[in-house]
Amino acid sequence: MRGLTRTLLTALVILLLLAALFSGWKIYSIQRGYHDAADRYDSLSGSVFSTLTGSREKTGSPAGSVESADGVIVVGSEAPLDVSPISIDFDLLAQRSDDVIGWLYLPDTAINYPVVQGYDNDYYLDHFLDGSYNVGGSLFADFTCPDDFSGQNTIIYGHNMRDGSMFALVDDYTDQAFYDAHPVMYLNTPQQNYRVDFFAGFTTDPESFVYASAFATESDYIAYLNTVRLYSDFSSPVEISSADRIITLSTCTYSAEDVRFVLFGKLVEIG
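The opening residue of the sequence shown carries number 13 in the numbering used here; numbering runs sequentially from there.
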């Protein structure tokens with residue numbers, strides 16, 4: 013009996029050691045995947061991305077600040093630009109992938125990535141733009157949307173990575189203060205550059221009405237815009253009409269199981 017007990021204890025210890033080794037290997041693999049993904053995007057950005065100087069509007073406020081409605085200058089907020097603060101070499105990007113349709117840049121954050129579009133909404137969940145495996149996938153537009161952002165609503169998906177990459181900070185827009193500090197982002201495309209003025213954001217489910225990308229009538233589109241604004245977690249002064257095109261950024265959120273955070277922005281053509 014004593015021998016059987018010793019054998020069982022030995023087997024249990026071995027199983028626990030194997031479980032610990034497997035867990036350690038999984039953690040290492042995940043962290044290595046994060047590191048490799050970051051290196052690849054850093055390398056890509058270094059070859060095709062550059063910032064521009066002298067593109068800031070003459071607002072009378074310090075660079076990196078905005079003036080609120082009551083005249084108070086809020087330092088650290090991003091003042092809107094009439095010219096994109098970045099330049100992207102789309103010719104070089106096209107040599108890497110024919111699927112690249114744009115580049116998203118949110119100043120002072122980790123969002124600085126190409127946007128791709130595949131033949132479905134699954135492939136780029138775990139692939140880099142060159143087709144190789146990537147744990148963080150890519151930022152990708154819904155395959156049903158026009159690839160030149162000419163549609164009423166272009167939906168862009170991205171993972172909420174635990175290392176803070178990809179769309180990890182998108183659900184920070186639940187906080188009014190975060191919106192106030194980051195009210196705009198920039199979208200460069202081969203055809204046109206845009207400022208993206210955020211006007212709404214909230215948590216929803218994967219089958220939500222928000223994933224509509226085209227609308228049969230003007231009144232349907234107006235109703236959609238009014239509804240998403242009504243649900244928004246933050247207040248925005250951005251004016252929006254049926255003549256405007258928008259983008260919707262969508263990512264998972266860890267606030268609840270199987271939910272998404274969606275962030276809506278108005279496309280404003282800039283230089």
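All residues carry an ideal CB built from backbone N, CA and C; glycine is no exception.
Terminal residues of the continuous beta strand (DSSP E) containing residue i?
| i | result |
| --- | --- |
| T156 | Run containing T156: none; DSSP gives neither H nor E here. |
| F273 | 272-282 |
| A122 | Premise fails: A122 is in no beta strand (DSSP E) and is neither H nor E. |
| L261 | 258-264 |
Please classify residue i as buried or exposed, where buried requires at least 16 neighbouring CB atoms within 10 angstroms.
| i | result |
| --- | --- |
| Y145 | exposed |
| A81 | Note that A81 has pLDDT 35, beneath the 50 cutoff, so the model's placement of it is unreliable and no number is given. |
| Q164 | buried |
| N205 | buried |
| A212 | buried |
| D154 | buried |
| N238 | exposed |
| A255 | exposed |
| L56 | buried |
| L64 | exposed |
| A268 | exposed |
| S96 | buried |
What residue range does the alpha helix (DSSP H) around residue i cover?
| i | result |
| --- | --- |
| F190 | 188-193 |
| V240 | 230-243 |
| R108 | 102-108 |
Going by C-alpha to C-alpha distance, which of the options sits closest to residue i?
| i | options | result |
| --- | --- | --- |
| I98 | I234, T156, W115, D184 | W115 |
| T121 | V182, S96, S59 | V182 |
| P202 | L105, S253, G58 | L105 |
| F102 | G130, D94, F61 | F61 |
| Y287 | R108, S59, S248, Y169 | Lying before the first or after the last residue shown, residue 287 is absent from the chain, which here runs from 13 to 283. |
| S231 | S253, Y131, S248, R207 | S253 |
| S225 | Y191, I167, H171 | I167 |
| K278 | T156, D138, S162, A50 | S162 |
| D214 | T156, D270, G176, V274 | The sequence given here has Phe at residue 214, not Asp. Among T156, D270, G176, V274, the Cα nearest to that of F214 belongs to V274. |
| L199 | D175, V112, Q107, A268 | V112 |
Give me the Cα-Cα distance between residue i and residue j, rounded to the nearest whole angstrom.
| i | j | result |
| --- | --- | --- |
| V128 | L242 | 30 Å |
| L118 | Y266 | 22 Å |
| R272 | P218 | 6 Å |
| G72 | P92 | Reliability fails at G72, whose pLDDT of 32 lies under 50, so the model's placement of it is uncertain and the value that follows must be treated cautiously. Spanning the two alpha carbons is a distance of roughly 13 Å. |
| P126 | E251 | 27 Å |
| I100 | D160 | 16 Å |
| I234 | A228 | 11 Å |
| H194 | F276 | 13 Å |
| V222 | L261 | 11 Å |
| V280 | R52 | 30 Å |
| S89 | D187 | With a pLDDT of 45 at S89, under the threshold of 50, the predicted position of this residue should be treated as unreliable, though the coordinate-derived value follows. Rounded to whole angstroms, S89 to D187 spans 14 Å at the Cα level. |
| R257 | G143 | 30 Å |
| G148 | S247 | 31 Å |
| D110 | V208 | 24 Å |
| S150 | D94 | 28 Å |
| M197 | C264 | 20 Å |
| L141 | F190 | 30 Å |
Starting from residue i, follow its DSSP beta bridges and name the residues at the other end.
| i | result |
| --- | --- |
| M178 | N172 |
| Y145 | H139 |
| F61 | I100 |
| I11 | Outside the displayed range of the chain (13 to 283) lies residue 11, so it cannot be described from this structure. |
| R207 | Y198, V280 |
| F214 | V274 |
| N165 | I258 |
Between residue i and chain D, is the shortest Cβ-Cβ distance under 8 Å, so that the two count as touching?
| i | result |
| --- | --- |
| D51 | The structure shown contains no chain D; it is built from a single protein chain. |
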